[in-house]
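Working notes for the structure below.
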Ligand code: UP5
Ligand code: MG
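Structure, rendered in structure tokens:
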């Protein structure tokens, strides 16, 4: 009772499809708080928490961390932000993530922003990225692609059936992709 409405957009797409890059641009114009699940997990490793070693091993293998761990971090970040509009980037990555988030928070996403990009292009971007990610080597990148196809695409299909997926061609330049994103976010302009 008295709860104000919380707006959540899940930002999904393969590794290197440009989720983080586009979220940073959305934040500038549309009053959202950007929460990258991957960034929250990497911060948890750095903080020296008891889950750190487990998370670190999962990320090096491109595997998906248990839902409760990620959701706990997301919930804390949502509360800490003081905002009521969120871009949740890189989550949910599998059906377990999706079901646990929906059951645990009772939040239904407004829509899913899906960056569609071929693997060759994503691979090129990840291999030329220079930010010391332990998972940006060719062996781990291949594993991340496989997990995306096997576990994450079914989540996108789930929301497709509900008419909630807004698909964007992510192959173009950063500015061109953002032109398409802007159309989708027009109703949220601040
Ligand atoms: N770039 C971006 N857009 C471009 C464009 N249009 N043209 C040319 N270049 C472009 O972009 C990647 C690179 O491409 C950058 O150098 C950028 O400049 C350039 P970025 O915006 O970083 O893409 P993004 O989709 O965010 O790629 P990222 O590597 O972050 O995606 P992942 O989904 O692989 O990574 P994430 O951090 O979400 O997850 C990492 C790992 O954490 C997972 O593999 C998993 O092990 C774990 N994890 C979980 O277990 N659970 C979760 O819920 C989340 C993560
Ligand atoms: Mg990212």
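Residue numbers (UniProt numbering): 134 to 323. Where is the CB? At the ideal position from N, CA and C, for every residue including glycine.
Does DSSP put residue i in a helix, in a strand, or in coil?
| i | result |
| --- | --- |
| residue 322 | coil |
| residue 204 | helix |
| residue 197 | coil |
Please report the residue range of the beta strand (DSSP E) in which residue i lies.
| i | result |
| --- | --- |
| residue 299 | 298-302 |
| residue 144 | 140-146 |
The alpha helix (DSSP H) with residue i in it runs from where to where?
| i | result |
| --- | --- |
| residue 217 | Careful: residue 217 lies outside any alpha helix (DSSP H) and carries neither H nor E. |
| residue 289 | 286-294 |
| residue 189 | 185-193 |
| residue 161 | 152-163 |
| residue 177 | 170-179 |
Does any residue of chain D have a CB that is nearer than 9 Å to the CB of residue i?
| i | result |
| --- | --- |
| residue 284 | In the structure shown, chain D does not exist; there is a single protein chain. |
Residues in its own chain within less than 7 Å of residue i by CB, not counting five upstream and five downstream?
| i | result |
| --- | --- |
| residue 185 | 177 and 178 |
| residue 304 | 250, 251 and 254 |
| residue 141 | 219, 221, 240, 242 and 243 |
| residue 192 | 174, 267 and 268 |
| residue 311 | 155 and 158 |
| residue 286 | none |
| residue 210 | 168 and 173 |
| residue 214 | 166 |
| residue 201 | 233 |
What does a CB cutoff of less than 6 Å around residue i pick up in its chain, not counting 5 residues either side in sequence?
| i | result |
| --- | --- |
| residue 297 | 244 and 245 |
| residue 171 | 223 |
Suppose the cutoff is 8 Å on Cβ atoms and the five residues either side in sequence are ignored; what does the same chain contact list for residue i look like?
| i | result |
| --- | --- |
| residue 316 | none |
| residue 288 | 145, 225, 226, 227, 228, 230 and 231 |
| residue 152 | 144, 145, 146, 169, 222, 223 and 248 |
Inside the region 223-280 only - beta strand (DSSP E) runs reaching at least 3 residues: Contiguous beta strand (DSSP E) elements confined to the region 223-280 occur at 244-249, taking only those with 3 or more residues.
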